[in-house]
Amino acid sequence: MTHKIAILGASGYTGAELVRLISQHPSFEIAALSADRKAGMEMSQVFPHLRHLDMPTLCKIGEIDFSQIDLCFCALPHKTSQEVIAALPKTLKIVDLSADFRLRDPAAYEKWYGNPHNALEQQTEAVYGLTEFYRNDIAAARLVAGTGCNAATGQFALRPLIADGVIDLDEIILDLKCAVSGAGRSLKEGLLHAELSEGYNAYAIGGTHRHLGEFDQEFSKVAGRAVKVQFTPHLMPANRGILATAYVKGDAQHIHECLAAAYTGEPFIEVLPFGEAPSTHHVRGSNFCHIGVAADRIEGRAIVIAALDNLTKGSSGQALQNANLMLGEDETSGLMMAPLFP
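Under UniProt numbering, think of the first position of the sequence shown as 1, with each following residue one higher.
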């Protein structure tokens with residue numbers, strides 16, 4: 001069976017990544033692509049690396065006949081996404097890549113994103129899209145909210161440890177490095193090559209990063225009590241990739257055993273042999289996440305490191321993984337490509 005797919009916001013990085021992945025899917029057909037300012041253009045004009053694909057011309061959202069669409073990916077900015085999704089057919093399956101439906105509490109959304117939530121009906125039905133932990137809910141969902149890429153990386157490293165109580169929940173430090181594509185495709189002065197290359201900087205210091213809303217929500221839910229991590233993200237001069245280093249209190253061998261057990265049988269999560277550290281080079285362009293554990297020289301402390309591609313496993317690959325579940329396809333369809341190296 002062929003499923004007809006629409007991608008809203010196809011002119012951004014996550015939209016282009018969706019096209020790249022879905023073009024190799026055995027039973028998905030891209031039937032509609034939308035863009036705002038680039039409506040009327042061909043995908044090959046916007047992204048020349050996709051020139052070999054026969055894709056629909058980019059159009060306005062209002063020009064799409066959603067009665068002919070089985071599932072819609074929404075790769076639009078937050079706030080815009082909720083407005084668009086609220087107006088879509090109530091029976092349409094949707095995977096949203098924005099932040100608009102990730103937080104279950106509307107007050108938390110307003111706190112972290114600075115505006116009231118205006119699609120509360122849809123917000124209450126949305127399922128959080130961290131596939132490995134919400135698989136059954138996602139398969140039965142109409143609307144799935146993709147996680148933040150930073151939030152996904154941190155959760156892959158820490159969530160099983162919090163659930164099993166093998167680390168001190170009040171002593172979690174998460175140091176994360178993210179490539180520049182995580183900031184999107186819009187022009188920003190600080191992301192110009194001359195201002196970003198050969199440098200490396202922290203941002204959202206002191207607990208202001210919006211993905212902390214997801215960490216607070218998910219870690220507290222798993223623990224059954226409030227859990228707040230100390231989190232600092234850094235922007236690195238690379239196109240793709242996230243490397244998250246977590247410093248925790250606990251027995252390193254037990255931590256490694258916990259993660260290995262939690263991810264046994266998971267097709268996209270690789271727990272490395274004890275003492276080995278992952279690299280963004282080893283997951284680039286793929287839907288894999290590599291996790292390493294090492295003992296610290298200070299007794300009773302451990303270091304957990306997770307690496308993934310922010311555009312694939314952190315966003316569009318995760319979205320496709322969820323769409324496969326929602327449409328009854330094999331979860332790995334279109335996603336088993338090997339990482340790009342070097």
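Think of the CB as a built atom: it goes at the ideal place given N, C-alpha and C, for glycine as much as any other residue.
Where does P233 land, buried or exposed, given buried means 16+ other C-beta within 10 angstroms?
The sequence position of residue 233 within the sequence shown is 233, counting from 1. Of the residues assessed, P233 falls on the buried side of the cut-off, its CB having 16 or more other CB atoms within 10 angstroms.
Rounded to whole angstroms, what is the Cα-Cα separation between H211 and K221?
One-based indexing of the sequence shown puts residue 211 at position 211. One-based indexing of the sequence shown puts residue 221 at position 221. H211 and K221: Cα-Cα distance of roughly 15 Å.
Per-residue burial, H78 [other beta carbons within 10 Å of its own, 16 or more giving buried]:
The residue you call residue 78 lines up with position 78 of the sequence shown. H78 comes out buried.
For the beta strand (DSSP E) holding residue 363, just list the boundary residues, first then last.
This structure does not reach residue 363, given that the chain is present from 1 up to 342, and the question cannot be answered.
In the DSSP assignment, find the unbroken alpha helix (DSSP H) run with C258 in it and report its ends.
Translated into positions along the sequence shown, residue 258 becomes position 258. C258: member of the alpha helix (DSSP H) spanning 252-262, first to last residue.
Burial state of E195 (16 or more Cβ within 10 Å):
Counted from its first residue, the sequence shown places residue 195 at position 195. Classification for E195: exposed.
Would you mind sorting R102 into buried or exposed? The rule is 16 or more other CB atoms within 10 Å of its CB.
As a position in the sequence shown, residue 102 is number 102, starting the count at 1. Around the beta carbon of R102, a 10 Å sphere encloses 16 or more other beta carbons of the protein chains shown; the residue is thus reported as buried.
In chain order, which continuous runs of the beta strand (DSSP E) of length 3 or greater are located wholly inside the stretch 36-94?
Listed in chain order, the beta strand (DSSP E) runs fully inside the stretch 36-94 are 71-74, counting runs of at least 3 residues.
Between the stretch 224-244 and the stretch 132-146, can you find at least three pairs of beta-carbon atoms closer than 8 Å?
No, because fewer than three Cβ pairs between the stretch 132-146 and the stretch 224-244 fall closer than 8 Å, the two stretches do not touch.
For Q318 versus T57, is the C-beta distance shorter than 8 Å?
For the purposes of this step, residue 318 is taken as residue 318 along the sequence shown, with counting starting at 1. For the purposes of this step, residue 57 is taken as residue 57 along the sequence shown, with counting starting at 1. No, these two residues do not count as a Cβ contact at 8 Å.
Complete runs of the alpha helix (DSSP H) confined to the stretch 159-229 [at least 4 residues]:
Whole alpha helix (DSSP H) segments, 4+ residues: 193-196, 212-223.
Alpha carbon to alpha carbon, what distance is there between V84 and G334?
Here residue 334 corresponds to residue number 334 of the sequence shown, with the count starting at 1. Here residue 84 corresponds to residue number 84 of the sequence shown, with the count starting at 1. Approximately 27 Å, taken between the alpha carbons.
Helix, strand or coil for F274, going by three-state DSSP, please let me know.
Against the sequence shown, residue 274 aligns to sequence position 274. The three-state reading of DSSP puts F274 in coil, since its state is none of H, G, I, E or B.
Residue nearest to R301 in terms of C-alpha spacing, selected from H290, H254, S181
Here residue 301 is taken as the residue at index 301 of the sequence shown, counted from 1. In this structure, H254 is the residue among H290, H254, S181 with its C-alpha nearest to the C-alpha of R301.
Which residues does DSSP list as the beta-bridge partners of Y247?
Numbered from its first residue, the sequence shown carries residue 247 at position 247. For Y247, which the question treats as bridged, DSSP gives the partners I173, I303.
Can you give me the start and stop residues for the beta strand (DSSP E) that K4 sits inside?
Along the sequence shown, read from residue 1 onward, the residue named residue 4 stands at position 4. Boundaries of the beta strand (DSSP E) harbouring K4: 3-8, taken from the DSSP string.
Minimum C-alpha distance to H52 - residue among A75, R20, Q68:
As a working mapping, residue 52 is identified with position 52 in the sequence shown. With distances taken between Cα atoms, H52 lies closest to R20.
What's the C-alpha gap between K249 and A163?
Residue mapping note: residue 249 aligns to position 249 of the sequence shown, counting from 1. Residue mapping note: residue 163 aligns to position 163 of the sequence shown, counting from 1. C-alpha separation (whole angstroms): 15 Å.
Identify, in the order they occur along the chain, each residue of the same chain with its Cβ nearer than 6 Å to the Cβ of E171, setting aside the five sequence neighbours on each side.
Here residue 171 is taken as the residue at index 171 of the sequence shown, counted from 1. Once the five neighbours on either side are set aside, the close Cβ partners of E171 are K249.
T2 and A75 - do their beta-carbons sit closer together than 8 Å?
The count along the sequence shown starts at 1 and reaches residue 75 at position 75. The count along the sequence shown starts at 1 and reaches residue 2 at position 2. The answer is no: Cβ separation not under 8 Å.
According to DSSP, is residue 395 part of a helix, a strand, or is it coil?
Nothing can be reported for residue 395: it is not among the residues displayed for the chain, which extend from 1 to 342.
Examine the Cβ distances between the stretch 120-133 and the stretch 310-328 and report whether three or more of them are shorter than 8 Å.
Touching, per the Cβ criterion.
Are the beta-carbon atoms belonging to D296 and G241 less than 8 Å from one another?
As a first step, residue 296 is located in the sequence shown; it is residue number 296 there, counting from the start. As a first step, residue 241 is located in the sequence shown; it is residue number 241 there, counting from the start. No, the Cβ-Cβ distance between D296 and G241 is not below 8 Å.
So if DSSP puts H290 in a beta bridge, which residue, or which two residues, is it bridged to?
For this step, residue 290 is matched to residue 290 along the sequence shown. H290 is bridged to E270, A307.
Per DSSP, E110 forms a beta bridge with which residues?
The residue labelled residue 110 in the question sits at position 110 within the sequence shown. According to DSSP, which records beta bridges pairwise, E110 is partnered with nothing at all.
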